[in-house]
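In the UniProt record's numbering, the protein residues as written are 1 to 401. Comments concern the structure below.
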Ligand SMILES: Cc1ncc(C[n+]2csc(CCOP(=O)(O)OP(=O)(O)O)c2C)c(N)n1
Ligand SMILES: [Mg+2]
């Protein structure tokens, strides 16, 4: 499973390890097969919570498979697959409270699944703006395609929570590629100076489309980038849902001010304050080390830039398989429970697809949601569209007509 022979060591600190377990500074709870590691602390969760983390990953994987298939059938637009990355999105979201805000890039679908927003979420991918509006009700901000552009907004939201004395944090998800953008650095700088309650959740999946991690940055790790902004960065196995949960939980406590200190802490810099009340409030950068099994999006062909074999060592530490083994070996799930989780996922995803496909497309909806008051020029464009629909009929605007 974890053949250390595979570890590539060409002398460069940036070389992506062929052995996903080679980096020792990556926090893990579960070993490659799903058994807790000897020195690891398994988070003290209820049986139901452990099972919910598994169940939500199974649903996320099912959603992913169906979404790719829908795109191939022409029933959905471009889609960004997340297979391999369920552990980090699901594990980290379980560590938040429902009132905490999530701002994501475009691949962290597991966050919407945990928040029970699949039916609201899917319409966006089918071209309905109503989808992005609806998930905001569940404290999930609209997805962001302009790489790293959402980071300053996420910091601003956290700053607003602080100013309003609201006890909420913001978990902001983005990729390894996003760390090269100016917005990333501006956002981390503001967060460090203003001490906003922000969790920077960086999904290091090895690639930014065809650019490999080792050509993305000369930093030894992505977590190290936090140092320049005066707060801590921590590396965690993003394919280990329990480690992802535990590190995020501690980061939430750190962002709120408090949490474990000293040896009990996974995140560095965690000395208690003078009153012994735990570390003072600081943002945290979490680097989830993981891998994207599939294509960048349904418009991409990864065989053009990477060998299929590169995926195998990562599939061997699949987050769902590891969690299932953990649950089975600790008596928390059996064959029946596994089958029930899969059936539930099939049903939830099928229902969400039926609901999304039943939505009547409304071309004028593209003008909604972005502005509270539509600017003059956009009002003019909307009126022109409405007049054209009136003159030519809605059919003239249907796809393929
Ligand atoms: C500002 C900007 N530049 C370029 C792009 C084109 N683009 C889309 S996805 C992507 C790669 C992002 O990689 P990463 O942040 O690692 O996220 P991943 O896709 O791996 O999840 C790029 C460059 C964009 N969407 N926005
Ligand atoms: Mg990436």
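Using N, Cα and C, we set each Cβ at its ideal position, and we do this for glycine too.
What residues in its chain sit with their C-beta under 7 Å from that of residue 76, if we drop five residues either side in the sequence? 67, 70, 125, 126
Just reading off the alpha helix (DSSP H) that residue 135 is part of, what are its end residues? 130-136
Is there at least one non-hydrogen atom of ligand 1 closer than 6 Å to the beta-carbon of residue 145? yes
Examine the Cβ distances between the region 24-34 and the region 291-298 and report whether three or more of them are shorter than 8 Å. no
Whose CA, out of 182, 230, 341, 236, lies closest to the CA of residue 193? 230
Does any heavy atom of ligand 1 sit closer than 6 Å to the C-beta of residue 19? no
Ligand 1 heavy atoms versus the CB of residue 451: any closer than 6 Å? No information on residue 451 is available, as it lies outside the stretch 1 to 401 that the chain covers here.
Take every Cβ of the region 164-174, pair it with every Cβ of the region 83-103, and state whether three or more of those distances are shorter than 8 Å. yes
Pop quiz: residue 270 and residue 260 are said to be a contact at Cβ under 8 Å. What is the actual Cβ separation, rounded to whole angstroms? 6 Å
Residue of 311, 388, 57, 184 minimising C-alpha distance to residue 226: 184
What are the residues that DSSP puts in a beta bridge with residue 175? 203
At least three beta-carbon pairs within less than 8 Å, the region 191-211 to the region 277-288: yes
Which stretch, first to last residue, makes up the alpha helix (DSSP H) that contains residue 377? 376-392
What separation, rounded to the nearest whole angstrom, lies between the Cα atoms of residue 262 and residue 268? 8 Å
Less than 7 Å between the beta carbons of residue 380 and residue 367, yes or no? no
In or out: residue 404 buried (at least 16 other Cβ within 10 Å) or exposed? Any property of residue 404 remains undetermined from this structure, which presents the chain solely from 1 to 401.
Please name the residue or residues paired with residue 102 in a DSSP beta bridge. 140, 171
Same chain, Cβ closer than 8 Å to residue 334, neighbours up to 5 away in sequence not counted: 328
Whether or not the region 169-184 and the region 151-158 are in contact is what I'm after, with contact meaning three or more pairs of Cβ atoms, one per stretch, closer than 8 Å; do they touch? yes
For residue 121, which of 63, 279, 318, 303 has the nearest alpha-carbon? 63
Which residue wins for smallest C-alpha separation from residue 264, given the options 35, 40, 34? 40
Measuring only from the beta carbon, is residue 389 closer than 6 Å to any heavy atom that is part of ligand 1? no
What is the DSSP secondary structure of residue 208, counted as helix, strand or coil? strand
With a threshold of 6 Å on Cβ separation, who are the neighbours of residue 160 within its own chain once the five nearest residues in sequence on each side are excluded? none
Starting from residue 233, follow the beta strand (DSSP E) in both directions and report where the run begins and ends. 232-237
Between the beta-carbon of residue 29 and the beta-carbon of residue 358, is there less than 7 Å? no
Sequence ranges, alpha helix (DSSP H) only - wholly within the UniProt domain "Dehydrogenase E1 component" (282-358), length at least 4: 312-315, 319-329, 335-357
Under 6 Å from any heavy atom of ligand 1, does the C-beta of residue 110 make it? no
Out of 20, 37, 95, 32, which one is the CA nearest neighbour of residue 46? 95
Taking the alpha-carbon of residue 162 as reference, which of 251, 375, 257, 394 has the nearest alpha-carbon? 257
Is residue 209 near ligand 4, going by C-beta to nearest heavy atom under 6 Å? Here the bound small molecules are ligand 1 and ligand 2; ligand 4 is not part of this structure.
Measure the alpha-carbon distance for residue 114 versus residue 208 and round it to whole angstroms. 25 Å
Using DSSP with H/G/I as helix, E/B as strand and the rest coil, what is residue 36? strand
Can you tell which of 325, 57, 291, 73 has the C-alpha that lies nearest to the C-alpha of residue 18? 291
Name the two residues that bound the continuous alpha helix (DSSP H) containing residue 59. 47-72
Given residue 123, which residues of its chain have a CB within under 7 Å of its CB, disregarding the five upstream and five downstream residues? 130, 131, 356, 359
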